[in-house]
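Undergrad: My questions all concern the structure below.
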């Protein structure tokens, strides 16, 4: 926060005060992406397709079975919708940060370091990818259908949970992207390893955590908290009991998990940035 | 055009990819992590189906997932933009002026790449799979020998398909849409996501009409011994037919594309 207020007091642009520069950055990106309408539409369609592939896996599996890990097809669609919505929104907001290996290799990160704004905030606002809304649209569609099809008792508690979960889930995935980016400062050509972390946790989040072996359940609950983004809230929404190792009420703890991930993320990012020595260009 | 030149091109394909060891390691870690998740899902699905699903027991399901992860890199089921970039930048003119056939030259480089990635990117997922879930692999030698032939053919089919789609860059300015569409259909229909044998009827019919199962499902079926004897030869025969057919289509489109191509400068 200290960085942010220092940047604000210098007022790099006249308009908007503290958030002015970010607004300028984001709106420039949005304008450039919307400049070629047909190309943009195709990209959105492509992003929708990526979501469709993911859902096809669920569809094919359920064409031969009826219950997986305690959830039926409708229940799994709810789980998928929640997880995929959170991940696609995080991908839209900060997913482009996985290009950091390119910035490190070519030395373009130096340009970000020279500007009077926090580097992470600059990177996040520098390349928001609107086309990823396609995937969010698919996730939202699946989620809405799932909410209609499942026998859900819409109590105030369930509605609150439905509002909290996508926000906190998005925060969790955003945090995971930042952790992965922080680790990149030590790896060379390690972007694929970062993918294992971010896309892998998304993949795990779209399936019931109960199908995994105990070590993997511990991993996806306490280390990489993918289970909090969708599985545990889904149990609560559907009124199902949790497996012995995690009571269903843990579904309320998604915001706490998000806070924990962000704590680690900011530490990892800071350590990484301090480790960076520049290309000398 | 000599065989020696093609051998050198294959070697350079190997060298280009073996230069980045840490990238290969990072890729192997990724394939393994996804393998862990995928194996859990297939085993869960088989368990939910009552112990067997389309001939796969729990261990066979896991083995399928691990073999698929091991073959991702050699077969290159994901997209690569090499040729598209060269067509767009005009570098393709350099390829045209070389005394080797461009398609054969690129195929050889791709075979070199595949040969390198086979062990460093294929072995880690299989080792972890053997330790974590166990692997259901045949005890005889023959499935592996025929399996290697099938893997090579899978690499050729995958190359031929990517070559054909890349050539659209002669006519299109923005290739991302076409590439995404190709990735979507091929990834589902090749069996990367779930075995083709689990598909509902209509999807299985669609898959059978495309070359995609020849890229992943076919070599895995041969290696796992799901098809043996004459059936296995039949699967390999289908692969050969697709490889030849798509390569030929690629040559035809290449001729049409280069006739249209105008490269500026000199």
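Protein chains in written order, with our numbering: chain A, 0 to 280; chain B, 11 to 276. A virtual CB, placed ideally from N, CA and C, is assigned to each residue, including glycine. Note that the structure is a prediction, hence the values are computed from the model and not measured.
#1: Taking residue 198 of chain B as the reference, give the member of B:186, B:183 and B:224 with the closest Cα.
#2: Check the Cβ of residue 45 of chain A against every Cβ in chain B and list those closer than 9 Å, keeping chain order.
#3: May I ask you to report which of helix, strand or coil DSSP gives residue 71 of chain A?
#4: Would you report the Cα separation of residue 6 of chain B and residue 43 of chain A, rounded to the nearest angstrom?
#5: What residue from A:199, A:100, A:193 and A:84 has the CA that sits closest to residue 145 of chain A's CA?
#6: Name the residues in the stretch 136-168 of chain B whose C-beta lies less than 7 Å from a C-beta of chain A; which are they?
#7: Since residue 103 of chain A sits in a beta bridge, which residues does DSSP pair it with?
#8: Taking C-alpha atoms, which residue in B:183, B:154 and B:40 lies nearest to residue 239 of chain B?
#9: Please list the partners that residue 62 of chain A has in chain B, where partner means a Cβ-to-Cβ separation under 7 Å.
#10: Would the beta-carbon of residue 160 of chain B fall within 8 Å of that of residue 75 of chain B?
#11: At the 8 Å Cβ level, is residue 149 of chain A part of the contact set with chain B, yes or no?
#12: Return the residues of the stretch 192-206 of chain A that lie within a Cβ-Cβ distance of less than 9 Å from chain B, sorted by chain order.
#13: Looking at the ligand ATP, does it come within less than 7 Å of residue 72 of chain A, judged from the CB to the closest heavy atom?
#14: Would you call the CB atoms of residue 108 of chain A and residue 207 of chain A closer than 8 Å?
#15: Could you work out which residue in B:237, B:144 and B:34 is closest to residue 282 of chain B when comparing CA atoms only?
#16: Between the C-alpha atoms of residue 60 of chain A and residue 276 of chain A, what's the straight-line distance to the nearest angstrom?
#17: Please confirm if the stretch 200-218 of chain A is in contact with the stretch 48-58 of chain B, defined as three or more CB-CB distances below 8 Å between the two stretches.
#18: Using the DSSP secondary-structure output, state which residues sit across from residue 63 of chain B in a beta bridge.
#19: For residue 21 of chain A, which residues in the same chain have their Cβ closer than 6 Å to its Cβ, ignoring the five residues on either side in sequence?
#20: Taking 6 Å as the limit between beta carbons, can you name the residues of its chain near residue 4 of chain A, skipping five residues before and five after?
#21: Just to make sure I have the definition right: I need the residues of chain A whose C-beta is within less than 7 Å of the C-beta of residue 22 of chain B. Which are they?
#22: Whole angstroms is fine: what's the gap from residue 17 of chain B's alpha carbon to residue 178 of chain B's?
#23: Contact criterion: CB-CB distance below 8 Å. Does residue 37 of chain B meet it with respect to chain A?
#24: What residues are listed by DSSP as bridge partners for residue 246 of chain B?
#25: Kindly indicate the opening and closing residues of the alpha helix (DSSP H) around residue 302 of chain B.
#26: Using a Cβ-Cβ distance under 8 Å, would residue 211 of chain A count as near chain B?
#27: Is there a Cβ from chain A that is less than 8 Å from the Cβ of residue 54 of chain B?
#28: Check whether chain A comes within 8 Å of residue 198 of chain B, counting only Cβ atoms and requiring the distance to be less than that.
#29: For chain A, find out if any of its Cβ atoms is closer than 8 Å to the Cβ of residue 126 of chain B; answer yes or no.
#30: By how many angstroms is the C-alpha of residue 22 of chain B removed from the C-alpha of residue 44 of chain B?
#31: By the criterion of Cβ-Cβ separation under 7 Å, what are the contact partners of residue 55 of chain A in chain B?
#32: Measuring only the C-alpha atoms, how far is residue 116 of chain B from residue 251 of chain A?
#33: Please classify residue 56 of chain B: does DSSP put it in a helix, a strand, or coil?
#34: Which chain B residues are close to residue 38 of chain A, counting only those with a beta carbon under 7 Å from its beta carbon?
#35: What residues of chain B sit near residue 97 of chain A, judged by a beta carbon separation below 7 Å?
#36: From the DSSP output, read off the bridge partner residues of residue 104 of chain B.
TA: In short:
#1: Residue B:224 is the option with its Cα nearest to residue 198 of chain B.
#2: Listed by position along chain B, the residues whose Cβ is nearer than 9 Å to that of residue 45 of chain A are 186, 187, 189, 190, 191, 193 and 194.
#3: Strand.
#4: Because chain B in this structure spans residues 11 to 276, residue 6 of chain B falls outside the shown range and cannot be described.
#5: It is A:84 whose Cα lies nearest to the Cα of residue 145 of chain A.
#6: If you check each beta-carbon in the stretch 136-168 of chain B against every beta-carbon of chain A, none falls closer than 7 Å.
#7: DSSP links residue 103 of chain A through a beta bridge to no other residue.
#8: Residue 239 of chain B has its Cα closest to that of B:154, out of B:183, B:154 and B:40.
#9: 210, listed in chain order.
#10: Not a contact, by the Cβ cut-off of 8 Å.
#11: False, the Cβ-Cβ gap to chain B never drops below 8 Å.
#12: If the cut-off is 9 Å between Cβ atoms, the stretch 192-206 of chain A has 192, 193, 194, 195, 196, 198, 199, 202, 203 and 206 near chain B.
#13: With respect to the ligand ATP, the structure offers nothing, as it holds no ligand at all.
#14: Between residue 108 of chain A and residue 207 of chain A, the CB-CB gap reaches or exceeds 8 Å.
#15: Residue 282 of chain B lies beyond the range of chain B shown here (11 to 276); nothing can be said about it.
#16: Between the alpha carbons of residue 60 of chain A and residue 276 of chain A lies a gap of roughly 48 Å.
#17: Yes, they touch.
#18: Residue pairing from DSSP places residue 63 of chain B in a beta bridge opposite B:66.
#19: Within its own chain, the residues whose Cβ lies closer than 6 Å to the Cβ of residue 21 of chain A, once the five positions on either side in sequence are excluded, are 124, listed in chain order.
#20: With a pLDDT of 44 at residue 4 of chain A, under the threshold of 50, the modelled position of that residue is not reliable, and the figure given next carries that caveat. Excluding five sequence positions before and after residue 4 of chain A, none of the CB atoms of its chain fall closer than 6 Å to its own CB.
#21: Within 7 Å Cβ-Cβ: nothing; residue 22 of chain B doesn't reach chain A, min ~19 Å.
#22: For residue 17 of chain B and residue 178 of chain B, the distance between alpha carbons rounds to 28 Å.
#23: Output row for residue 37 of chain B: interface = yes.
#24: Residue pairing by DSSP leaves residue 246 of chain B without any beta bridge partner.
#25: Outside the modelled stretch of chain B, which goes from 11 to 276, sits residue 302 of chain B, for which no answer is possible.
#26: The beta carbon of residue 211 of chain A sits closer than 8 Å to some beta carbon of chain B.
#27: Chain A places a beta carbon closer than 8 Å to that of residue 54 of chain B, counting this residue as a contact.
#28: Yes, contact with chain A.
#29: It does not: the Cβ of residue 126 of chain B has no partner Cβ on chain A nearer than 8 Å.
#30: Taking the straight line from one Cα to the other gives about 30 Å.
#31: Simply 198 and 203.
#32: Going by C-alpha positions, residue 116 of chain B is about 54 Å away from residue 251 of chain A.
#33: In the structure shown, residue 56 of chain B adopts helical secondary structure according to DSSP, grouped into three states.
#34: In chain order: 184.
#35: Neighbours of residue 97 of chain A in chain B, taken as residues at a C-beta separation under 7 Å, are lacking, since the least C-beta distance is about 12 Å.
#36: Answer is none; residue 104 of chain B lacks a bridge partner.
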